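For the sequence shown, this note's numbering assigns the number 29 to the initial residue and increments by one for each residue that follows.
Just so you know, even glycine gets a beta-carbon here, dropped at the ideal spot from N, CA and C.
Bear in mind that the values here come from a model prediction, so they are computed numbers and not experimental data.
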Amino acid sequence: MGTGTGQRLVLALGGNAIAPGGTGGTAAEQTANIARAMEPVADLIHGGHDVVLTHGNGPQVGNLLIKNEMARDVVPPMPLDWCVAQTQATIGFTITTALEQALARRGVSRPVVTVISRVLVAADDPAWSAPSKPIGPYVADEAEARRRSADTGQTWAPAGRRGWRRLVPSPEPISSLDRAAVELLLAGGAVVVANGGGGVPMIRDGGRLKGVEAVIDKDLAAVRLAADTRAGRLVILTDVAGVALRYGDADEEWLGEISAAELRSLQSDGHFAAGSMGPKVEAALRFVEQTGGTAVIGALDDLRGAAEGGTGTRVVPG
Ligand code: ADP
Ligand code: MG
Numbered sequence: 029m030g031t032g033t034g035q036r037l038v039l040a041l042g043g044n045a046i047a048p049g050g051t052g053g054t055a056a057e058q059t060a061n062i063a064r065a066m067e068p069v070a071d072l073i074h075g076g077h078d079v080v081l082t083h084g085n086g087p088q089v090g091n092l093l094i095k096n097e098m099a100r101d102v103v104p105p106m107p108l109d110w111c112v113a114q115t116q117a118t119i120g121f122t123i124t125t126a127l128e129q130a131l132a133r134r135g136v137s138r139p140v141v142t143v144i145s146r147v148l149v150a151a152d153d154p155a156w157s158a159p160s161k162p163i164g165p166y167v168a169d170e171a172e173a174r175r176r177s178a179d180t181g182q183t184w185a186p187a188g189r190r191g192w193r194r195l196v197p198s199p200e201p202i203s204s205l206d207r208a209a210v211e212l213l214l215a216g217g218a219v220v221v222a223n224g225g226g227g228v229p230m231i232r233d234g235g236r237l238k239g240v241e242a243v244i245d246k247d248l249a250a251v252r253l254a255a256d257t258r259a260g261r262l263v264i265l266t267d268v269a270g271v272a273l274r275y276g277d278a279d280e281e282w283l284g285e286i287s288a289a290e291l292r293s294l295q296s297d298g299h300f301a302a303g304s305m306g307p308k309v310e311a312a313l314r315f316v317e318q319t320g321g322t323a324v325i326g327a328l329d330d331l332r333g334a335a336e337g338g339t340g341t342r343v344v345p346g
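Right, here's the structure in full:
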């Protein structure tokens, strides 16, 4: 079982890949999607790869926020740090159950553990004064959005045809607060799920740690996890085959292997959309530049190809 530098793979599963189609996704559907995703993950582990997992939670946390809104006169709405922790728990126990069973069918007996993971952010991050991440339910009319903003102090902004939406800050992940626990579990032979949904965002307030109303980008939190666990490869799995130039246009062009320098230069030309492919490209670049490893952005449906090197957009040092 490879535990040395360079042998480890961090797999980051997109929240949309687990619950496709926005707010849809019953528990049974998400459980089935996760079970399907864990089959190729179990193959990788069975084949000798040392795998660490993380995942997004966009649709799942969005659903919790809708429940908060609708039930706010009955039970107290919970802050975002609580919602992130809740989605780490539900997605995590579903992943651990599915992966444990998929491994057992291959004759592999390994503990699979989800760590409810806190991630430190800076109290003075510039993101606090520029909320950028749209979350939760849409409201159709401007007056309602303004009323909510006045009642709660939240930032609401126009969000296309479906109306208005709350914006929250998306601060930089500084460090994984549960890193030591993750290391102990890995040293003990466990398959670990950590930093789900970007991690529960916390700041240091005097001597205390405090949860905050923010969302950390899960792709950037995956870079922290991969660097912390000395992974040689970060594999970001989503619902498209990789990174495209002129995505969606008739002349779109999918990128295969590309150097970090070349991808940085395409990024600075403004090729990659904020909020979707942008953070994945930035995460891949940071991982390669900071660790000298390789990062892959590819399709969950083709996990083996993305993990082993044949498919997806592969970002290499240089
Ligand atoms: P996830 O839940 O996996 O984080 P996102 O929706 O955040 O998924 O990002 C993946 C989406 O990014 C794809 O479904 C695709 O529609 C979109 N996308 C935007 N720009 C690009 C691009 N340049 N190349 C490929 N996909 C892109
Ligand atoms: Mg995303």
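If we ignore side chains and look at the alpha-carbon of each, how far apart do PRO197 and CYS111 end up? Walking along the sequence shown from the start, residue 197 turns up at place 169. Walking along the sequence shown from the start, residue 111 turns up at place 83. Straight-line Cα distance between these residues: approximately 15 Å.
Start and end of the beta strand (DSSP E) containing GLU67? Counted from its first residue, the sequence shown places residue 67 at position 39. Counting along the chain, GLU67 falls outside any beta strand (DSSP E), though it belongs to the alpha helix (DSSP H) covering 55 to 74.
Does DSSP put ILE244 in a helix, a strand or coil? What you label residue 244 is simply residue 216 of the sequence shown in a count that begins at 1. Coil.
Starting from VAL149 and walking both ways along the alpha helix (DSSP H), at which residues does that stretch end? Taking the sequence shown and counting its residues from 1, the one referred to as residue 149 is at position 121. No alpha helix (DSSP H) contains VAL149, which DSSP labels as neither H nor E.
Is ASN44 near the ligand ADP, going by C-beta to nearest heavy atom under 7 Å? Position 16 of the sequence shown, counted from the first residue, corresponds to residue 44. Yes; taking the cut-off as 7 Å, the Cβ of ASN44 has a heavy atom of the ligand ADP nearer than that.
Specify, as a first and last residue, the run of the beta strand (DSSP E) that VAL221 falls within. If you number the sequence shown from 1, residue 221 lands on position 193. DSSP places VAL221 inside the beta strand (DSSP E), whose first and last residues are 219 to 221.
Terminal residues of the continuous beta strand (DSSP E) containing VAL228? As a first step, residue 228 is located in the sequence shown; it is residue number 200 there, counting from the start. Start and end: 228 to 233.
C-beta atoms of THR124 and VAL136 nearer than 8 Å: Within the sequence shown, residue 124 is the residue found at index 96, counting from 1. Within the sequence shown, residue 136 is the residue found at index 108, counting from 1. Going by C-beta atoms, THR124 is not nearer than 8 Å to VAL136.
Say yes only if the C-beta of ASP277 is nearer than 7 Å to one or more non-hydrogen atoms of the ligand ADP, and no if none qualify. Taking the sequence shown and counting its residues from 1, the one referred to as residue 277 is at position 249. No, the Cβ of ASP277 stays beyond 7 Å of every heavy atom of the ligand ADP.
Expressed to the nearest angstrom, what Euclidean distance is found between the alpha-carbon atoms of ALA150 and GLY84? Looking up residue 150 in the sequence shown gives position 122. Looking up residue 84 in the sequence shown gives position 56. Rounded to whole angstroms, ALA150 to GLY84 spans 21 Å at the Cα level.
Could you tell me the distance, in whole angstroms, from the CA atom of LEU221 to the CA atom of PHE300? Position 193 of the sequence shown, counted from the first residue, corresponds to residue 221. Position 272 of the sequence shown, counted from the first residue, corresponds to residue 300. Inspection of the sequence shows that residue 221 is occupied by Val rather than by Leu. In a straight line, the C-alpha of VAL221 is about 28 Å away from that of PHE300.
For HIS83, verify whether its CB is less than 7 Å away from any heavy atom of the ligand ADP. Position 55 of the sequence shown holds residue 83. No, the ligand ADP has no heavy atom inside 7 Å of this Cβ.
Give me the Cα-Cα distance between PRO199 and PRO165, rounded to the nearest whole angstrom. Numbered from 1 along the sequence shown, position 171 holds the residue referred to as residue 199. Numbered from 1 along the sequence shown, position 137 holds the residue referred to as residue 165. Cα to Cα, PRO199 sits roughly 21 Å from PRO165.
Within the chosen definition, does the segment 302 to 321 reach the segment 261 to 271 through at least 3 CB pairs nearer than 8 Å? yes
Examine the ligand ADP and report whether any of its heavy atoms sits within less than 7 Å of the Cβ of THR115. In the sequence shown, the residue the question calls residue 115 occupies position 87. No.
Buried versus exposed call for LYS238 [16 or more other C-beta atoms within 10 Å across all chains shown]: Along the sequence shown, one-based indexing puts residue 238 at 210. So LYS238 counts as exposed.
Beta carbon of ALA65: closer than 7 Å to some heavy atom of the ligand ADP? Looking up residue 65 in the sequence shown gives position 37. Not so, every heavy atom of the ligand ADP lies at least 7 Å from the Cβ.
Reduced DSSP secondary structure (H/G/I, E/B, other) of ALA45: Position 17 of the sequence shown holds residue 45. Three-state DSSP puts ALA45 in a helix.
Mapping DSSP to helix, strand and coil, what is THR125? Position 97 of the sequence shown, counting from 1, holds the residue named residue 125. Of the three classes helix, strand and coil, the one that applies to THR125 here is helix, per DSSP.
Evaluate the contact criterion for the segment 62 to 77 versus the segment 98 to 112: three or more CB pairs, one atom per stretch, below 8 Å. no
Given 8 Å, three or more beta-carbon pairs between the segment 202 to 214 and the segment 126 to 133: no
Using a 10 Å radius around the Cβ and a threshold of 16 neighbouring Cβ atoms, would you call ILE94 buried or exposed? Numbered from its first residue, the sequence shown carries residue 94 at position 66. ILE94 is exposed by the Cβ-count criterion.
Pop quiz: VAL147 and ILE244 are said to be a contact at Cβ under 8 Å. What is the actual Cβ separation, rounded to whole angstroms? Along the sequence shown, read from residue 1 onward, the residue named residue 147 stands at position 119. Along the sequence shown, read from residue 1 onward, the residue named residue 244 stands at position 216. VAL147 to ILE244, Cβ: 6 Å. Contact.
Mapping the DSSP letters down to three states, classify SER304 as helix, strand or coil. For the purposes of this step, residue 304 is taken as residue 276 along the sequence shown, with counting starting at 1. It is coil, neither helix nor strand.
Quick one: Cα of ALA117 to Cα of THR142, how far? In the sequence shown, residue 117 corresponds to position 89, counting from 1. In the sequence shown, residue 142 corresponds to position 114, counting from 1. Those two C-alpha atoms are separated by around 8 Å.
Integer-rounded CB distance, given that GLY75 should sit under 8 Å from ILE328: Taking the first residue of the sequence shown as 1, we reach residue 328 at position 300. Taking the first residue of the sequence shown as 1, we reach residue 75 at position 47. The question names Ile, but residue 328 in the sequence shown is Leu. 18 Å between Cβ atoms; not a contact.
Please say whether ILE286 and THR322 have beta carbons closer to each other than 8 Å? Translated into positions along the sequence shown, residue 322 becomes position 294. Translated into positions along the sequence shown, residue 286 becomes position 258. Using a Cβ distance threshold of 8 Å, THR322 and ILE286 do not count as a contacting pair.
Thinking LEU248 and PRO186 are a contact (beta carbons under 8 Å), I'd like their distance in whole angstroms, please. Reading the sequence shown from its first residue, position 220 is the one you call residue 248. Reading the sequence shown from its first residue, position 158 is the one you call residue 186. Not quite, the Cβ-Cβ distance comes to about 26 Å (not below 8 Å), so this is no contact.
Looking at C-alpha atoms only, which residue of ASN61, ASP267 and LEU253 is the closest neighbour of ASP206? In the sequence shown, counting from the first residue as 1, residue 206 sits at position 178. Taking only the C-alpha atoms, the option nearest ASP206 is LEU253.
In chain order, what are the residue ranges of uninterrupted beta strand (DSSP E) at least 3 long that sit wholly in the segment 254 to 290? 261 to 266 and 285 to 287
Would the beta-carbon of GLY346 fall within 8 Å of that of ALA289? By 1-based counting over the sequence shown, the position of residue 346 is 318. By 1-based counting over the sequence shown, the position of residue 289 is 261. Yes. Within cutoff.
Mind checking whether ILE231 and GLY270 have CB atoms under 8 Å apart? Walking along the sequence shown from the start, residue 231 turns up at place 203. Walking along the sequence shown from the start, residue 270 turns up at place 242. Not closer than 8 Å, so no.
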